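Asks: Residue numbers (my numbering), protein chains in the order written: chain A, 1 to 227; chain B, 228 to 454. Beta carbons: idealized from backbone N, C-alpha and C, even for Gly. On a predicted model such as this, the values are computed, not experimentally measured, just so you know.
Protein chains: 2
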Amino acid sequence: MARIILIEDDIEIRRLVAGALAREGHDVETAATAMSGLELAIRNTPDLVIMDLGLPDLDGTELLRMIRAISSVPVMVITARGADDAVVHTLDAGADDYLVKPFSVAQLLARVRALLRRGSHVEGSDRVVVGGLVIDISAREASLEGAALDLSPKEFDLLRSLAERQGEVVTKRELLAEVWREPYGGSERTVDVHLSWLRKKLGETASEPRFLRTVHGVGVKLVPPES
Amino acid sequence: MARIILIEDDIEIRRLVAGALAREGHDVETAATAMSGLELAIRNTPDLVIMDLGLPDLDGTELLRMIRAISSVPVMVITARGADDAVVHTLDAGADDYLVKPFSVAQLLARVRALLRRGSHVEGSDRVVVGGLVIDISAREASLEGAALDLSPKEFDLLRSLAERQGEVVTKRELLAEVWREPYGGSERTVDVHLSWLRKKLGETASEPRFLRTVHGVGVKLVPPES
DNA sequence: ACGCATTATCAAGGTTTTCTCAAGGCGTGA
DNA sequence: TCACGCCTTGAGAAAACCTTGATAATGCGT
Chain A
1 MARIILIEDD IEIRRLVAGA LAREGHDVET AATAMSGLEL AIRNTPDLVI MDLGLPDLDG
61 TELLRMIRAI SSVPVMVITA RGADDAVVHT LDAGADDYLV KPFSVAQLLA RVRALLRRGS
121 HVEGSDRVVV GGLVIDISAR EASLEGAALD LSPKEFDLLR SLAERQGEVV TKRELLAEVW
181 REPYGGSERT VDVHLSWLRK KLGETASEPR FLRTVHGVGV KLVPPES
Chain B
228 MARIILIEDD IEIRRLVAGA LAREGHDVET AATAMSGLEL AIRNTPDLVI MDLGLPDLDG
288 TELLRMIRAI SSVPVMVITA RGADDAVVHT LDAGADDYLV KPFSVAQLLA RVRALLRRGS
348 HVEGSDRVVV GGLVIDISAR EASLEGAALD LSPKEFDLLR SLAERQGEVV TKRELLAEVW
408 REPYGGSERT VDVHLSWLRK KLGETASEPR FLRTVHGVGV KLVPPES
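1. Exposed or buried, A/His194, counting other C-beta atoms within 10 Å across all chains shown (16 or more means buried)?
2. Skipping 5 residues on each side, what residues in its chain have a beta carbon closer than 8 Å to that of B/Ala404?
3. Taking Cβ positions only, does B/Val447 come closer than 8 Å to chain A?
4. Please confirm whether A/Ile78 has its beta-carbon closer than 8 Å to some beta-carbon of chain B.
5. Which runs of the beta strand (DSSP E) fall wholly inside the stretch 30–97 of chain A and span at least 3 residues, in chain order?
6. Between B/Asp274 and chain A, is the shortest Cβ-Cβ distance under 8 Å, so that the two count as touching?
7. So, for B/Asp311: in the same chain, excluding its five sequence neighbours on each side, which residues have a beta-carbon less than 8 Å away from its beta-carbon?
8. Note down, in chain order, each residue of its chain lying with its Cβ closer than 6 Å to the Cβ of B/Val327, except the 5 sequence neighbours on either side.
9. For the beta strand (DSSP E) that A/Ala2 lies in, which residues bound it at each end?
10. Within 8 Å, do at least three Cβ pairs link the stretch 49–63 of chain A to the stretch 1–8 of chain A?
11. Helix, strand or coil for B/Val349 per DSSP?
12. Ordered along the chain, which non-local residues of its own chain (more than five positions away) have a Cβ less than 7 Å from that of B/Leu267?
13. Going along chain A in order, which residues have a C-beta closer than 7 Å to the C-beta of B/Val315?
14. Any C-beta of chain A sitting closer than 8 Å to the C-beta of B/Arg340?
15. When we look at the beta-carbon of A/Val218 and count the other beta-carbons within 10 Å, is it buried (16 or more) or exposed?
16. Could you tell me whether any Cβ in chain A is nearer than 8 Å to the Cβ of B/Ala322?
17. For B/Val357 and B/Ala390, which I take to be in contact (beta-carbon distance under 8 Å), what is that distance rounded to the nearest angstrom?
18. Between the stretch 358–366 of chain B and the stretch 381–395 of chain B, do at least 3 Cβ pairs fall closer than 8 Å?
19. Please say whether B/Ala375 and B/Glu368 have beta carbons closer to each other than 8 Å?
20. Tell me the DSSP secondary structure of A/Glu231 in three-state form.
21. Just to confirm my understanding: we take A/Asp10, look at its own chain, exclude 5 residues before and 5 after, and list those with CB closer than 8 Å. What are they?
22. For B/Glu332, which option in B/Arg250, B/Thr432, B/Val355, B/Met228 has the closest C-alpha, if you only look at C-alpha atoms?
23. Of the residues B/Ile305, B/Lys427, B/Arg241, which one's Cα is nearest the Cα of B/Ser379?
24. Is the distance from the Cβ of B/Asp323 to the Cβ of A/Ala114 below 8 Å?
25. Is the Cβ-Cβ distance between B/Thr317 and B/Leu291 less than 8 Å?
26. Taking the alpha helix (DSSP H) that A/Lys221 falls in, what are its first and last residues?
27. Using 10 angstroms around the beta-carbon of A/Glu12, count the other beta-carbons present and answer buried if the total reaches 16, otherwise exposed.
28. Any C-beta of chain A sitting closer than 8 Å to the C-beta of B/Leu422?
29. Please state if the CB of B/Gln334 and the CB of A/Val128 are separated by a distance shorter than 8 Å.
30. Along chain B, which residues have their Cβ under 7 Å away from the Cβ of A/Pro153?
31. List, in order along the chain, the chain B residues whose C-beta lies closer than 9 Å to that of A/Ile42?
32. Is there a C-beta anywhere in chain A that falls below 8 Å from the one on B/Val396?
33. Using a Cβ-Cβ distance under 8 Å, would B/Arg345 count as near chain A?
34. Could you give the first and the last residue of the continuous alpha helix (DSSP H) run that contains A/Leu149?
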């Protein structure tokens with residue numbers, strides 16, 4: 001699983017590519033303009049950017065330079081311009097691969113795999129994904145539907161403990177042991193309160209749960225929200 | 228300048244490509260068969276391997292697998308076979324790029340540059356770019372939005388330690404160990420103060436952070452600024 | 001439907017962590 | 001020696017966070 005940003009104005013191609021990538025298990029965000037794509041590339045710290053060269057608001061090479069100025073993320077360019085000096089020019093501006101439309105989706109996916117294969121060695125960030133909830137352990141940050149969550153230390157640890165055993169019911173005692181480092185003492189009330197805060201930040205309540213389902217008499221479990 | 232191995236049986240193409248690469252300043256070794264190419268790849272620890280898929284003594288994919296078994300060197304495949312599943316198959320076998328003959332030499336060179344650019348980044352990562360902040364490690368200098376920063380030794384080491392693990396949370400203890408060489412003793416106050424100075428030079432404050440985000444109870448991390 | 005046990009939430013108070021300032025030490029070069 | 005830049009340390013204030021106890025709500029078995 002990788003975070004991929006797709007910047008493409010043609011809605012047909014966007015759907016086609018985004019769908020194929022999603023089917024490979026990737027987390028895809030799309031943008032139809034250069035500026036919104038740039039913003040995504042800054043905010044989401046993606047593992048790969050795929051961009052069209054012919055965007056409505058800005059020349060693709062310009063966008064590429066802007067991305068390169070702030071990040072070394074792998075960039076794949078897809079475009080109708082197949083002229084040789086366009087390819088050379090774009091690659092030298094910092095692109096990692098260049099695919100000419102119309103292209104085969106299978107080949108695109110294979111090239112994406114090749115780029116990610118190289119990139120994955122660079123970072124040691126491991127993530128846990130539950131529905132629209134993404135938890136990045138080494139960066140110690142979590143986001144819900146792309147929007148960053150502002151979690152306190154205990155809240156994050158709590159969420160991580162639940163995420164590492166997603167779908168499983170975890171007792172408050174276990175959470176006290178894992179998060180609070182208190183295998184015996186400690187009050188289970190404390191866990192309740194933190195769960196409540198977490199719920200608030202996840203946009204849910206105990207009576208309308210989405211991610212955090214309490215199992216009466218046993219504990220809680222973290223699950224992807226229903227439909 | 229990079230060490231490149233070219234495995235290609237067609238003498239015309241071999242001369243053409245090897246000549247062009249040499250003219251770019253690279254150190255090129257050629258082989259006409261898979262076995263001699265493999266030997267070169269083992270002995271010479273190249274920065275890049277360019278290989279034909281249709282070699283006389285061994286199937287190209289087989290050679291690719293053998294190379295991959297012993298090395299993670301970038302491999303570029305050039306071949307007459309343009310069929311889509313050949314491309315997919317080869318990329319998935321570990322190739323980094325795939326160019327169909329007849330190709331333009333200019334494009335080949337541009338793709339070589341792209342591969343080498345990435346390869347050198349992985350190895351002795353000498354420059355770290357995060358947002359508008361550029362840290363040149365071997366030159367021991369940093370610049371913000373193009374303007375050089377005047378950092379004291381400790382400030383630079385601190386910034387470098389954070390940059391080398393950008394996006395990751397680093398504890399003050401770890402910084403004391405890495406920057407101050409004091410894995411146990413040492414006061415975390417010291418780190419705080421240096422962070423404060425660094426912030427001032429980066430044009431930010433703790434309450435209005437751009438690059439240095441403190442993670443309460445854990446440490447700090449270096450991230451690209453938002454928007 | 002009733003009562004008990006468990007869970008949810010709130011508000012208040014206390015604790016820990018972080019930030020910044022200012023003072024002083026140390027070494028270098030003028 | 002003096003001036004200067006650099007580093008360390010201590011202290012106070014501010015901010016962020018955690019815990020607790022009380023009360024309301026909910027679930028479960030009878």
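Replies: Per the coordinate set shown:
1. buried
2. Pro410
3. no
4. no
5. 48–52, 75–79
6. no
7. none
8. Gly309
9. First-last for A/Ala2: undefined, no H or E at that position.
10. yes
11. Caution is warranted here: a pLDDT of 49 is assigned to B/Val349, below 50, making its placement in the model unreliable, and the coordinate value is therefore given only provisionally. Three-state DSSP puts B/Val349 in a helix.
12. Ile232, Glu256, Ala258
13. Ala106, Gln107, Ala110
14. yes
15. exposed
16. yes
17. 6 Å
18. yes
19. yes
20. Past the edges of chain A, shown from 1 to 227, lies residue 231 of chain A, and the structure says nothing about it.
21. Asp52
22. The residue you asked about is not Glu; residue 332 of chain B is Val in the sequence shown. B/Val332 has its Cα closest to that of B/Arg250, out of B/Arg250, B/Thr432, B/Val355, B/Met228.
23. B/Lys427
24. yes
25. yes
26. Unbroken run through A/Lys221 is the beta strand (DSSP E), 219–222; no alpha helix (DSSP H).
27. exposed
28. no
29. no
30. His443, Gly444, Val445
31. Gly358, Pro451, Pro452, Glu453, Ser454
32. yes
33. yes
34. From DSSP, A/Leu149 is part of no alpha helix (DSSP H) but of the beta strand (DSSP E) over 147–149.
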